[in-house]
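Chemist:
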Ligand code: GLC
Ligand code: CA
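Residue numbers (this note's numbering): 1 to 552.
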């Protein structure tokens with residue numbers, strides 16, 4: 001089958017199913033709830049949905065610990081509910097992609113249960129090691145979720161590697177049988193009609209044979225020892241050739257600590273080397289206010305964000321396709337990070353414009369389009385995320401609550417705020433997790449009726465981007481790179497040019513566009529203050545102002 005690259009004309013909506021919408025009134029989001037909201041997702045202009053895991057799972061990492069790859073969890077409605085959503089999405093012209101979590105499984109997966117008992121063929125499905133003769137752990141790696149990356153298993157009498165939580169043992173991808181399982185999983189979903197995968201921490205799957213110590217500990221927890229490991233290309237080529245290349249699907253790779261140059265090794269096509277990913281989820285745009293992890297916070301730096309945007313836009317241009325995003329289930333809400341809760345609506349719209357007109361495929365994370373902001377938890381016992389819970393004891397006590405509120409993934413995981421009614425219209429029962437109290441004024445029902453809402457801004461921006469050739473085929477150029485407060489870029493194609501100006505401050509700053517982009521020469525397409533078409537060449541910004549001009 002010819003791969004049509006349909007994803008290049010698509011905006012994706014990411015669903016984190018537990019908190020999206022509860023359809024059966026048990027307090028937990030589910031697929032019936034998703035089905036109810038398919039028209040809403042379509043009304044945003046989205047052409048695809050990415051589901052965070054909906055497989056059976058004990059939930060140690062909210063579904064990223066899979067116990068059965070070829071099934072749908074009962075609490076989400078089981079396979080019937082999934083097929084209904086899949087058909088419903090397809091009827092509406094929307095694609096559906098699944099999260100493929102194959103760096104690790106749940107420890108409750110049958111493979112692990114048999115592996116720890118040395119039952120073949122599962123004996124070598126995981127990375128088992130004895131302790132070193134000196135009584136030390138097999139190596140010095142830390143888990144990404146705190147503590148060491150090794151856990152002793154009484155049943156087998158050996159240690160297993162877990163780069164994430166203790167209940168997420170890493171698969172041994174060097175075992176050809178494990179790779180065959182991955183291929184089978186791919187066929188299973190693609191044959192059902194699923195349109196592709198988002199591959200979870202896929203650049204971690206090939207560990208170096210001797211599992212050497214990492215020298216950069218503790219900052220990166222050992223990741224440089226195994227990220228982009230020795231056989232990664234070979235394994236990914238196998239997944240491509242045997243798994244997905246015969247389907248018109250999209251393959252999106254989560255790639256921590258990966259710059260554009262490295263990403264191009266996976267993304268670009270040449271005569272003798274076809275790409276193994278269609279897009280990469282890079283994390284550079286997530287670190288403008290921290291060092292590597294949200295748990296190592298720094299003041300927000302627009303310069304850092306601009307550098308991330310611009311290097312990915314320019315380095316991938318014509319060689320690879322960008323994945324664009326500002327939010328997902330792994331990071332606090334973007335308005336609270338890069339924008340301003342005080343200027344919530346203004347900055348929410350500005351952040352939308354900041355990425356929506358770049359070249360690539362944009363993703364919108366549930367609630368982002370409503371301008372949802374961080375939760376402010378008032379006690380340690382309120383956090384649910386395994387990363388936050390494990391990190392807590394390691395954080396200085398005086399700062400603990402503040403840091404967790406700043407860094408925890410829980411802020412992105414509160415139920416979506418649909419109405420101003422009970423439980424924010426998310427569920428008729430008590431929701432599994434706290435609802436942000438601001439649902440009384442931040443909710444979809446209200447935003448539907450307000451033409452100036454963040455929601456309707458997203459709709460306008462998504463519609464515009466689909467109509468503008470300068471976005472799809474134009475060239476990106478940043479302007480005023482030196483500014484600490486303004487991010488501006490142009491997109492230019494043969495017959496059309498676009499200027500996007502975004503202020504990241506509440507102060508008034510003068511913006512002067514480059515030659516050819518004088519404001520009076522263009523037409524104002526979108527803005528967040530109802531300004532009038534300007535007569536001059538530049539303008540003085542209002543707080544978190546954004547403007548988009550077209551020149552034809
Ligand atoms: C990815 C997921 C994250 C998960 C981790 C382990 O980073 O996005 O939610 O905790 O992998 O699977
Ligand atoms: Ca439910």
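Glycine included, C-beta positions come from ideal geometry on N, C-alpha and C.
Among residues of its own chain, excluding the 5 on either side of residue 509, which ones have a beta-carbon nearer than 8 Å to its beta-carbon?
Modeler: 483, 485, 486, 503, 540 and 541, listed in sequence order.
Chemist: With a threshold of 7 Å on Cβ separation, who are the neighbours of residue 42 within its own chain once the five nearest residues in sequence on each side are excluded?
Modeler: So the list reads 92 and 94, once near-sequence residues are dropped.
Chemist: Could you tell me which whole alpha helix (DSSP H) segments of length 4 or greater appear in the region 264-328?
Modeler: Those alpha helix (DSSP H) runs which fall completely within the region 264-328 and span 4+ residues are 302-316.
Chemist: Using beta-carbon positions only, say whether residue 524 and residue 357 come within less than 9 Å of one another.
Modeler: Not a contact, by the Cβ cut-off of 9 Å.
Chemist: Can you pull the DSSP bridge partners for residue 50?
Modeler: DSSP lists 14 and 97 as partners of residue 50.
Chemist: Please confirm whether residue 426 and residue 52 have their CB atoms less than 9 Å apart.
Modeler: Going by C-beta atoms, residue 426 is not nearer than 9 Å to residue 52.
Chemist: Should residue 145 and residue 9 be called a contact, given that it needs their Cβ atoms to be closer than 9 Å?
Modeler: Result no, Cβ atoms of residue 145 and residue 9 do not sit closer than 9 Å.
Chemist: Output yes or no for whether 9 Å exceeds the beta carbon distance between residue 613 and residue 309.
Modeler: Outside the shown range of the chain, which is 1 to 552, sits residue 613, and nothing can be said about it.
Chemist: Check this for me: beta carbons of residue 75 and residue 44, under 9 Å apart or not?
Modeler: The answer is no: Cβ separation not under 9 Å.
Chemist: Bridge partners for residue 554 per DSSP, in chain order?
Modeler: The requested residue 554 does not occur in the structure, where the chain is confined to residues 1 to 552.
Chemist: Can you look up residue 546 in the DSSP assignment and give me helix, strand or coil?
Modeler: If DSSP states are grouped into helix, strand and coil, residue 546 belongs with the strands.
Chemist: Rounded to a whole number of angstroms, what is the C-alpha to C-alpha distance between residue 374 and residue 116?
Modeler: Going by the C-alpha atoms only, they are around 41 Å apart.
Chemist: Report yes or no: do three or more beta-carbon pairs, one from the region 325-338 and one from the region 361-371, lie closer than 8 Å?
Modeler: Counting Cβ pairs under 8 Å, three or more are found: they touch.
Chemist: Are the CB atoms of residue 566 and residue 232 nearer to each other than 9 Å?
Modeler: The requested residue 566 is not part of the displayed model; the chain covers only 1 to 552.
Chemist: Tell me whether the beta-carbon of residue 63 lies closer than 9 Å to the beta-carbon of residue 22.
Modeler: No, the pair does not count as a contact, with Cβ atoms beyond the cut-off.
Chemist: Nearest by alpha-carbon distance to residue 552: which of 212, 507, 492 and 361 is it?
Modeler: Nearest C-alpha to residue 552: 492.
Chemist: Consult DSSP for residue 29 and reduce its assignment to one of helix, strand or coil.
Modeler: In the structure shown, residue 29 sits in coil (DSSP, three-state: anything other than H, G, I, E or B).
Chemist: To which residues of the same chain is residue 174 closer than 8 Å at the C-beta, ignoring the five residues directly before and after it?
Modeler: Hits under 8 Å: 206, 207, 209 and 231.
Chemist: Would you list the one or two residues that DSSP bridges to residue 196?
Modeler: Note: residue 196 sits in a beta bridge opposite 250.
Chemist: Answer yes or no: the CB of residue 75 versus the heavy atoms of ligand 2, is any distance below 8 Å?
Modeler: Checking every heavy atom of ligand 2 against the Cβ of residue 75, one is found closer than 8 Å.
Chemist: Could you name the residues whose beta carbon sits closer than 5 Å to any heavy atom belonging to ligand 1, keeping them in chain order?
Modeler: Matched residues: 61, 64, 164, 200, 201 and 330.
Chemist: Could you spell out the range, first to last residue, of the alpha helix (DSSP H) harbouring residue 79?
Modeler: Its alpha helix (DSSP H) spans residues 78-91.
Chemist: Can at least three beta-carbon pairs, one atom from the region 404-422 and one from the region 440-457, be found at a separation below 8 Å?
Modeler: Yes, the region 404-422 is in contact with the region 440-457.
Chemist: For residue 291, does the count of other Cβ atoms within 10 angstroms reach 16, so buried, or fall short, so exposed?
Modeler: Label assigned to residue 291: exposed.
Chemist: Within the structure, which residues are defined as neighbours of ligand 2 by a Cβ-heavy atom distance below 5 Å, reported in chain order?
Modeler: That gives 22, 24, 26, 28 and 30.
Chemist: What do you reckon, are the CB atoms on residue 82 and residue 49 nearer than 9 Å?
Modeler: No, they are not a contact pair.
Chemist: Measure the alpha-carbon distance for residue 326 versus residue 464 and round it to whole angstroms.
Modeler: Whole-angstrom Cα-Cα distance: 19 Å.
Chemist: Nearest to residue 344 by CA position, among 528, 393, 319 and 215, is which residue?
Modeler: Ranking 528, 393, 319 and 215 by Cα distance to residue 344 puts 528 first.
Chemist: Taking all protein chains shown into account, decide if residue 533 is buried (16 or more other Cβ within 10 angstroms of its Cβ) or exposed.
Modeler: The residue is exposed, with fewer than 16 neighbouring Cβ atoms inside 10 Å.
Chemist: Let's see if you can read the secondary structure: which residues bound the alpha helix (DSSP H) around residue 593?
Modeler: The structure shown does not extend to residue 593, since the chain spans only 1 to 552, so no value can be given for it.
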